[in-house]
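In my numbering, the protein residues as written are 577 to 792.
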């Protein structure tokens, strides 16, 4: 298994960077442009591209994970500094009973059945928040080879934009989950790290980041 982590710090004075930060669809196309063209309709899935836009002490940053190394020279001149590194050391270090710190921005939703929708006048997709969102993440984590120890959830701005091919409006609610967890199944965890978790993976949801807990 080969994965790459790319960190981009876009210069918000750059017009292309501002546009990409403002829209998840534009950011999707920007990151896809760093890889070879003509890979077909399933290019994002084939390349294993997941990303997350987040605030950092130095400003907005973009984290992208991919199964192939991106060509960072394809970024527009002056877009901002970018660096890629392999995630092999992290993947190799995963083992049972290892405690890790995690972060994920995910589309926490529930899809009620038709009877429930009609009874309570619900839409087909119900965004979750608060304790319901944290319960959703706990279930997802367990299915990913993690046992949640602590969790803190933060509601983020939705991932929005218009798809270029049909102008369909995209909107995925996003909740950031941070905390600590115990690894229970390293192989399952590697699979879920690669595949991403939940819906909206093309538009900034589902990238799970891990780091060893700091020793006292």
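In this text, a Cβ means the ideal position worked out from N, Cα and C, and glycines have one as well.
Asked: Ends of the alpha helix (DSSP H) at residue 622?; Found: 619 to 623
Asked: Counting only C-beta atoms, is residue 714 closer than 7 Å to chain B at any point?; Found: Looking at the structure shown, chain B is missing, and only one protein chain is on hand.
Asked: Helix or strand or just coil, what does DSSP make of residue 745?; Found: strand
Asked: Mind checking residue 729: buried by the 16 CB within 10 Å criterion, or exposed?; Found: buried
Asked: Using a Cβ-Cβ cutoff of less than 8 Å, which residues in the same chain neighbour residue 655 once the five nearest sequence positions on both sides are dropped?; Found: 584, 586, 587, 590, 592, 593
Asked: Please state if the CB of residue 735 and the CB of residue 600 are separated by a distance shorter than 7 Å.; Found: yes
Asked: If contacts are defined as beta-carbon pairs under 8 Å, then residue 759 and residue 680 qualify, I think. What distance do you get, rounded to the angstrom?; Found: Between residue 680 and residue 759 the Cβ distance is about 15 Å, and since that is not below 8 Å, they are no contact.
Asked: Residues in its own chain within less than 7 Å of residue 683 by CB, not counting five upstream and five downstream?; Found: 748, 749, 750, 774, 775, 776, 781
Asked: Restricting to Cα atoms, I'd like to know which of 610, 753, 761, 733 is closest to residue 643.; Found: 610
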